Amino acid sequence: MLVRTKVNGEWREADVWPGASLLSALRDDLALPGSKNACEQGECGSCSVYMDGTLVCACLVLGGQARDRDIVTVEGIGEGEALHPLQQAFVEAGAVQCGFCTPGLIVAAHDLLRRTPEPTTVEIREALAGNICRCTGYAKILDAVHLAAERMASK
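Numbering (this note's numbering), first residue to last: 16 to 170.
Next up, the structure:
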């Protein structure tokens, strides 16, 4: 099935198998490997993306459902080649470890910061509750989100 969708601000087309997930379409058909395939059950958050401005797990959305929709992946969070302040904060705070959960965490934290520019630690924990990380223990992730919030608020 031919699916035309706007991905990271650019209209793209892909020939997607009708039963394929949006995650599969992004990674395999559109060559956007940022969103990670971990659980395929919507439990880990590694594949978090925006669909029409709403945070979703791309593994739970059929590729065909993206037709004529606006999708933003972790690759689309920054501007061009420049990292978004949140992405930069993850690097500086050492919150990337193995990097497998990082794309989903960044998209989920981005969603939080656009709704709540100066979140508390509790608000960050709640916003990231759907994202699982096995490497960091979450402290550096929390530090990164706080750092990004501070930098973004001062602009």
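All C-beta atoms, glycine included, are put in the ideal place defined by N, C-alpha and C.
The structure presented is a predicted model; accordingly, all values stated were derived computationally and were not measured.
Task: Where Ile86 falls: helix, strand or coil (DSSP) - done: strand
Task: Contact set for Gln112: own chain, Cβ-Cβ below 6 Å, skip 5 residues either direction - done: Cys150, Thr151, listed in sequence order.
Task: Cβ contact check for the region 97-111 and the region 33-53: 3 or more pairs under 8 Å - done: Per the Cβ contact rule, the region 97-111 is not in contact with the region 33-53 (fewer than 3 Cβ pairs under 8 Å).
- [ ] With a threshold of 16 other CB atoms inside 10 Å of the CB of Ala154, please say whether the residue is buried or exposed.
- [x] exposed
Task: Whole alpha helix (DSSP H) elements within the region 75-119, 4-residue minimum - done: 100-108
TODO: Could you check if Lys170 is buried or exposed, using at least 16 other CB atoms within 10 Å of its CB as the buried criterion?
DONE: exposed
TODO: Using a threshold of 8 Å, state whether the C-beta atoms of Gly60 and Asn146 are closer than that.
DONE: yes
Task: Residue interval of the beta strand (DSSP E) (run including Val18) - done: 17-22
Open item on the list: Residues in the same chain with beta-carbon distance under 7 Å from Ala108, minus the five sequence neighbours each way, listed in chain order, please.
Closed with: Lys155, Asp158, Ala159, Leu162
- [ ] Between the Cα of Ser50 and those of Thr117, Ala124, His125, Thr20, spot the shortest distance and give me the residue it belongs to.
- [x] Comparing Cα positions, the closest option is Thr117.
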